[in-house]
Amino acid sequence: MILAVIVGLAIGTYAFRLAGVVLRERVALPTRVQVLLPMAAATLLAALAATATFTDSGVFAGVARPVGVAVGAVLAWRRAPFVLVVVAAAATAALLRLAGVE
219 MILAVIVGLA IGTYAFRLAG VVLRERVALP TRVQVLLPMA AATLLAALAA TATFTDSGVF
279 AGVARPVGVA VGAVLAWRRA PFVLVVVAAA ATAALLRLAG VE
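Just so you know, the sequence shown maps onto residues 219 to 320 in the working numbering.
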């Protein structure tokens, strides 16, 4: 059963990607839609990041995780190396949890 679901999703994903290549010249999107599509993708990613930052199983994740994400965001904004960003964000959240801040 699980294998059938995985194969079905793989076929669907491939079909969507193939449709984009095949239909590129046949479908003309209005200029307004072409302008809004990149913003829609960025909005979707921001919403996903916010959900992962602030919630855990549908409830508030606590203060430690958002503070860790904020530390990582500031370091990324300051163009710190990726490894430093990840380690600093994880260490911040871990130290806050160790200190009893949830």
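Note that beta-carbon positions come from the ideal geometry of N, C-alpha and C, so glycine has one too.
Query, Result
"Buried or exposed for Leu293, going by 16 or more other Cβ atoms inside 10 Å?", "buried"
"Would you mind sorting Ala282 into buried or exposed? The rule is 16 or more other CB atoms within 10 Å of its CB.", "buried"
"Rounded to the nearest angstrom, what separates Ile224 and Arg235 at their Cα positions?", "17 Å"
"Closest to Thr269 by C-alpha separation, out of Ala258, Pro284, Met257 and Leu255, would be which residue?", "Pro284"
"Per DSSP, what kind of secondary structure is Ala303 in: helix, strand or coil?", "A small correction: the amino acid at residue 303 is Val; Ala does not occupy that position in the sequence shown. Helix, per DSSP."
"Just to confirm, are Gly318 and Val303 a CB contact at a threshold of 7 Å?", "no"
"Going by CA-CA distance only, name the one from Thr261, Val253, Gly280 and Ala246 that's closest to Ala312.", "Gly280"
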